[in-house]
Amino acid sequence: MRWFALSNLEKGSLKVTGLQALCFRAWPYTEEDLEKAQHPYELPHRDFINLNIDLNIHGVGGNDAWGARTMDKYTIDGNQAYKYGFILEYDAE
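Taking this note's numbering, the leading residue of the sequence shown gets 255, the next gets one more, and so forth.
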């Protein structure tokens with residue numbers, strides 16, 4: 255995906271345009287909230303959006319739920335440097 259936009263009728267909108275394809279994640283939780291919660295109903299209600307803008311996302315796991323390694327085709331080499339760019343545009347409607 256090359257662009258992503260968030261808008262709030264009261265506060266304006268934010269548009270992210272990647273200079274290459276990017277991965278986006280947006281949710282109303284902190285990383286700590288997600289690590290602590292064992293079930294979705296345990297996630298607190300927040301009044302903000304946590305937006306992650308990434309070049310790539312490492313796979314979440316293997317072929318089973320018992321700790322198998324992530325498949326090689328979904329693994330990112332942590333010993334390699336990566337560069338990416340994006341443009342942020344804010345419109346205060």
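Beta carbons: idealized from backbone N, C-alpha and C, even for Gly.
> Would residue 276 be called buried (16 or more neighbouring beta carbons within 10 Å of its own) or exposed?
Replying inline: Classification of residue 276: buried, given that the 10 Å Cβ count is 16 or more.
> Run through DSSP, which three-state label would residue 318 get?
Replying inline: coil
>> Using C-beta distances below 6 Å, list every residue in its chain close to residue 280, excluding the 5 sequence neighbours before and after it, in chain order.
In response: 303, 305
>> So for residue 344, helix, strand or coil by DSSP?
In response: strand
> What beta strand (DSSP E) runs, 3 residues minimum, are completely inside the region 255-313?
Replying inline: 257-262, 266-272, 277-281, 304-308
>> With a threshold of 6 Å on Cβ separation, who are the neighbours of residue 343 within its own chain once the five nearest residues in sequence on each side are excluded?
In response: So the list reads 269, once near-sequence residues are dropped.
> DSSP on residue 328, reduced to helix/strand/coil?
Replying inline: helix
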